[in-house]
Structure formats: structure tokens, C-alpha cells
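Residue numbers (this note's numbering), protein chains in the order written: chain A, 62 to 351; chain B, 8 to 321.
This report concerns only the one structure given below.
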């Protein structure tokens, strides 16, 4: 498959009735392309959040290009699996995936954060096709996902609901209110993924606000917990398969990741949580991502 | 404050009716269904009722998720917690997201009584009316409550409906027809207009009676929809009567009085007086005692009318 052409053809309108809309063999190539988009668009915008976008690339790639049922030509298709981006600052990652799937033209990624763009600084359901929830104020996505799952249950729909949280986001009390509620309501088609890159704006999680024992906390709240390497497609895919088999309780996949993954000078650097790369840095990054 | 009909009870009952008519209606509560009266819905439709426990933020965002998948959620708790406890969730998950969530807050104002300041919502209307695209309704009695809830269910978009704790005298009969965004002329008069909401509508009518005996003729407007407010009715009132008094069970800041003053000053400047809570918290006490102590009675409205009439005559 060529670097830019292959995917949008898989998303052609003629294919929308199929059960699985994407089955991309070379997920690595897609992931690399998403990383290039992220670095380029944030560099052009002059602001944005590269670190936490890059850390979750494999998770989002696997979901949008392998596991989820969705129709880019019909973003509101009721039968779609839901992906809810709770860590709304990783919007560039979501935009890159949506554009590559065909929700809107890839060229539009250049408009990120500019006046009148459909691509707002944080994920915004009122502006962007394919964005399920407006986020950016952390801590609300898991609750929203619980509501989405309950609606699916009432509508007797079988869709999966995926919600991506940051680990720093789990400082928010509402995350744990929602965790309690998800277990209480026994929503077993809900999978939360925590992008566990261990960094937040002010530094390492353990120094800012210790989350440990993190997995045990989720377990104590009634969740099935799976911990994996969040950059390993095979392990992630295995985790999602196992999550689907769990009945009567929700599953959380704690994905161990590296903030800024793929760009050497951004990796494990808190400063690149919310700082755009300079033009020179973009150039270096794109070389590394060839 | 004795006698009358409970608006909360009317809310609980109409929810059940709506639930029978439309299977997309769902109800959320935060461990207060006995007080908000969502218990009736929960009893008849347990699979569509979600008690979220004492977690209002979570409740509001869950409601947003339900709405995003086509449900019509009614989420209820006390007005101090909704929007106070979960303002950001209302802002982001519901209003900015333009989702079809209906927030019905009970126990608004100081007429909550003995529970004291922690349970007396006096800032909620200021907070909720600040949100772009929100529809805000404060019914005056049980009949208007039922109709406002029905209207909210029928109209797409986020709604906030504020109810009080006490029973209220009926100011309407069953043939009343509530319309979102429309003021209702309760009584005609040419000297002064009293614009009131919620429990102050009955007080305004009582004041108008008393003033009538003194030869002062008041127009009384009920303004059940605070947002979008009926600008036309306000401008006509100012033009026709040349003086306006507002009456509300809320802080002066950001409430009905502030909103009316904004419109009057821009379109038809006339003398105004505001019967409202001043910049302070109240205390525990019987509802009637508190309303008297903090200047929210028919007598206070009558006094304000006399004062504004003098100012009008200059």
C-alpha cells in the first residue's frame, strides 16, 4: 500500500454495508502517517499538544483501522462503535485518524486551530464530523461513555463503546464517580483505555499526584483490568479481544506508553505536553518518522 | 406558605405520563428521587431510571451521553447542586455540546427553609442563564410546571427548569397554555408593571389587589421563561406603564431584575425597582418567616410599586 492513497479507497461508499470497514494489514505504516500529521499540524498551528497525541497513536490506529465498525460517509450511523476521546487535548491524533478514514479531507488538517476551522483546539462535537463528544475539560468522558452505553442497552444495540483517558486525567474525581457507576450498572460493552504515559503538565504523575496502585484502584472499583504495552499492536489487539469476552463488568486497558513516542526529542519530556515544535524541530521529527 | 399544590409533585406525575408516551424519555437522579419526585417514574420504568448516587457531575455527563444516542434524559437534584456542583459538566457536556438534556432542579430559593444556606439556591439562575443556548424556565405553579416539563420534552435542546420546595397556590387554571419564551399578562393596568417569576407571581397578584384599592393599577406579567426572555413584552410594559418592578426569589445579581434592566435600559429607559435578595446569604427558618425577613412578600412588592411610581412622577 502506498503511503497516502490506500486507506481512503478502503473507505469508499460502496463498502459501507460491510461488517468491518477497515482491515489494514500494515498498521505500523498508518501509525507512522498519523504521527507525521500530528507533528506537522501542531507545528503549523504554532500551539497544541504533541506529547499525549503521539503516545496514543497505536491505540487509536488499531481502533479506527482494525477493530471498530464505523462509516465515515455516515458519521451518525446508529450502529457504529463509539470512540470517545476524554483526553480532549489529543484532538490532533483523533483528527489525523478521522481524516485518514475519510471523515473529511486530509488537507483540512492544515487548518487546525485556525479561525473558522472545523478542527478546534480541543475535540468539539459541534464542529467536527466523527467527533462524538466535546472534551478538553478533563474527567467527563468516562461518564459520557457510561451514558452512551446505557442508551445502547435500552436501544438493544450491540455496539462497543471505547473511551480514551489520560493517566493524569485520573486525578479528576469524576473519573472515579464514573468508574463506580460503570461497574454498578454492569456495562460490559464499555472499554476504557488509559494512555499511561506517566507524565502530566507539571511533571511525572508520581510527583504531581500519585495514582498508584493504579490497576488495583480500578479493580477495587469493580473493573476487569488488563495491563499492556500500549505501543505493541499484537498485545493491544489481544487485550481488546479479551475485553470483549468479559461479561457483567467493564474493562480498563492500562496501556503503558511513552509520551512523545516516535520523536526522539519529545519522548518522556513533560515540556512537550502542550508545546508546539518549531519549524526546525518539525523537520527533524519528520525525518525520524520517515 | 401553607395549602396549595406541589410543583414537584406535578413534575413527578407528568414525567410518568411522558414516559408512557415516549420510550426515549429516561430519568436520572442523584440520591434524591424521594424529594425531586422522580421516584414515580423510577417505580413505573425502572429500566429507564438511573440513580447515580451522590455524584451530580457524573449524573450530568451520563445524561449527555444518553442524549448523544437519541435519548431524552431528565436529570434532577436540588438547585444548589444543579448547576452549582456541576457547572462545568453542564457547560461542556450539555450546553456547548448542544445536547438534548433536560435539567430539572428542585428546592430553588430561600423557601427551602430550615435546611439553611447550604440548601438555598440563590445564585443558580445567574449561573445557568449565563450559558449560551440554554433555555431556562421558572414555573409559577403546579399547572405551569407540568406544561413546562411537557414543552421541554417536546423541544430539542438543553433546558433548565427550576422548581421550589413548598406547595404553591395555583395562579392558573387547567385551560392555561404555556409557551416557551412568552410572558403572560396576569392582570392589566396602566400605572406600573410588575414582572415576576416563580413563587413571586402569586405575591405580585396579591400586591396588585392591595394597590388597586389605593387606586394604583398594576400590570402583572409572569415571566416563566428567563432565557430566551420575552423582550417585546418587557419593552411594551416599559412603554405602556412607564415604570417597572421585578420580583424574584434569587439574588439581584444575574437574575430576572438584571435581565429586565438590561433590556429596559437599552430600549426604553424608565424607573425600575427590584424585589430580590440582596448581596447576602439567608439562614434557617420557616419559609414564610424567611420570605418576610428578606423582603420577598406581597407587601414588599407593593412598597416597591409605590416607590417606583413616585420616581416616575419625578
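Think of the CB as a built atom: it goes at the ideal place given N, C-alpha and C, for glycine as much as any other residue.
Here the structure is a predicted model, which means the values were calculated and not measured.
Residue i burial status per 10 Å Cβ neighbour count (16 or more: buried)
i, result
"residue 260 (chain A)", "buried"
"residue 268 (chain A)", "exposed"
"residue 75 (chain A)", "Because the pLDDT at residue 75 (chain A) is just 36, under 50, the model does not fix this residue reliably, and the point stays unresolved."
"residue 374 (chain A)", "Missing from the structure shown is residue 374 (chain A); chain A here goes from 62 to 351 and no further."
"residue 70 (chain A)", "In this predicted model, residue 70 (chain A) has a pLDDT of only 35, less than 50, meaning its place in the structure is not dependable; the value taken from the coordinates is given anyway. It counts as exposed."
"residue 236 (chain B)", "buried"
"residue 270 (chain A)", "exposed"
"residue 348 (chain A)", "exposed"
"residue 326 (chain A)", "exposed"
"residue 170 (chain A)", "buried"
"residue 410 (chain B)", "No answer is possible for residue 410 (chain B): the residues shown for chain B start at 8 and end at 321."
"residue 86 (chain A)", "exposed"
Partner residues on chain A for residue i, Cβ-Cβ distance less than 7 Å
i, result
"residue 59 (chain B)", "242"
"residue 224 (chain B)", "Ordered by position in chain A, no residue passes the 7 Å Cβ test against residue 224 (chain B), which lies about 48 Å from the chain."
DSSP bridge partner residues for residue i (one or two, in chain order)
i, result
"residue 227 (chain A)", "A:256"
"residue 265 (chain A)", "A:260"
"residue 229 (chain B)", "B:191, B:203"
"residue 115 (chain B)", "B:128"
"residue 251 (chain A)", "A:222"
"residue 102 (chain B)", "Per DSSP, none; premise fails for residue 102 (chain B)."
Enclosing beta strand (DSSP E) for residue i [first to last residue]
i, result
"residue 316 (chain A)", "312–317"
"residue 287 (chain A)", "285–290"
"residue 257 (chain B)", "251–258"
"residue 167 (chain B)", "166–169"
"residue 281 (chain B)", "279–284"
"residue 194 (chain B)", "191–194"
"residue 82 (chain B)", "79–85"
"residue 143 (chain B)", "142–144"
"residue 57 (chain B)", "56–58"
"residue 146 (chain A)", "143–146"
Span of the alpha helix (DSSP H) around residue i
i, result
"residue 242 (chain A)", "234–245"
"residue 272 (chain B)", "263–274"
"residue 207 (chain B)", "207–220"
"residue 207 (chain A)", "202–215"
"residue 34 (chain B)", "First-last for residue 34 (chain B): 32–36, but that is the beta strand (DSSP E), not the alpha helix (DSSP H)."
"residue 97 (chain A)", "88–106"
"residue 137 (chain A)", "Taken as a continuous stretch (DSSP letters only), residue 137 (chain A) belongs to no alpha helix (DSSP H), as it is neither H nor E."
"residue 238 (chain B)", "238–248"
"residue 40 (chain B)", "40–43"
Chain-ordered chain B contacts of residue i [CB-CB under 8 Å]
i, result
"residue 205 (chain A)", "68, 69, 71, 72, 75, 100"
"residue 310 (chain A)", "What residue 310 (chain A) touches in chain B: nothing, since even the nearest Cβ is about 17 Å away."
"residue 230 (chain A)", "Residues of chain B passing the Cβ test: none, with the nearest at roughly 13 Å."
Chain A residues whose Cβ lies nearer than 9 Å to that of residue i
i, result
"residue 78 (chain B)", "208, 211, 212, 215, 216"
"residue 82 (chain B)", "Chain A residues near residue 82 (chain B): none, gap ~10 Å exceeds 9 Å."
Beta-carbon neighbours of residue i, restricted to chain B and to distances below 7 Å
i, result
"residue 186 (chain A)", "104"
"residue 239 (chain A)", "65"
"residue 201 (chain A)", "68, 96, 99, 100"
"residue 325 (chain A)", "Chain B residues near residue 325 (chain A): none, gap ~35 Å exceeds 7 Å."
"residue 193 (chain A)", "75"
"residue 198 (chain A)", "95, 99"
Beta-carbon neighbours of residue i, restricted to chain A and to distances below 8 Å
i, result
"residue 55 (chain B)", "215"
"residue 147 (chain B)", "Those within 8 Å of residue 147 (chain B) in chain A number zero; the least Cβ separation is about 32 Å."
Residue-chain proximity (residue i, chain C), Cβ-Cβ < 8 Å
i, result
"residue 219 (chain A)", "Chain labels in this structure do not include chain C; the protein chains are A and B."
Residue i: contacting residues in chain B (beta-carbon distance under 9 Å)
i, result
"residue 280 (chain A)", "The contacting residues do not exist; residue 280 (chain A) stays about 20 Å from chain B at best."
**Request:** Kindly confirm or deny that the region 37–45 of chain B and the region 329–343 of chain A touch, where touching means at least three C-beta pairs closer than 8 Å.
**Result:** Cβ pair count under 8 Å is below three, so no.
**Prompt:** Taking three-plus beta-carbon pairs below 8 Å as touching, is the region 127–135 of chain A in contact with the region 272–286 of chain A?
**Reply:** no
**Asked** Is it true that the region 209–218 of chain A meets the region 87–105 of chain A, where meeting means three or more beta-carbon pairs spaced less than 8 Å apart?
**Response** Because the criterion of three Cβ pairs below 8 Å is not met, the region 209–218 of chain A and the region 87–105 of chain A do not touch.
**At least three beta-carbon pairs within less than 8 Å, the region 222–232 of chain B to the region 168–177 of chain B** = no
**Item:** Given 8 Å, three or more beta-carbon pairs between the region 279–291 of chain A and the region 234–253 of chain A
**Value:** yes
**Prompt:** For the region 186–195 of chain B against the region 229–248 of chain B, are there 3 or more C-beta pairs whose distance is under 8 Å?
**Reply:** yes
**Prompt:** Do the region 240–248 of chain A and the region 106–113 of chain B meet, that is, are 3 or more Cβ pairs less than 8 Å apart?
**Reply:** no
**Request:** Answer yes if the region 206–213 of chain B comes into contact with the region 45–63 of chain B, meaning at least three C-beta pairs across the two stretches below 8 Å, and no otherwise.
**Result:** no
**Prompt:** Are three or more beta carbon pairs between the region 25–36 of chain B and the region 132–140 of chain A nearer than 8 Å?
**Reply:** no
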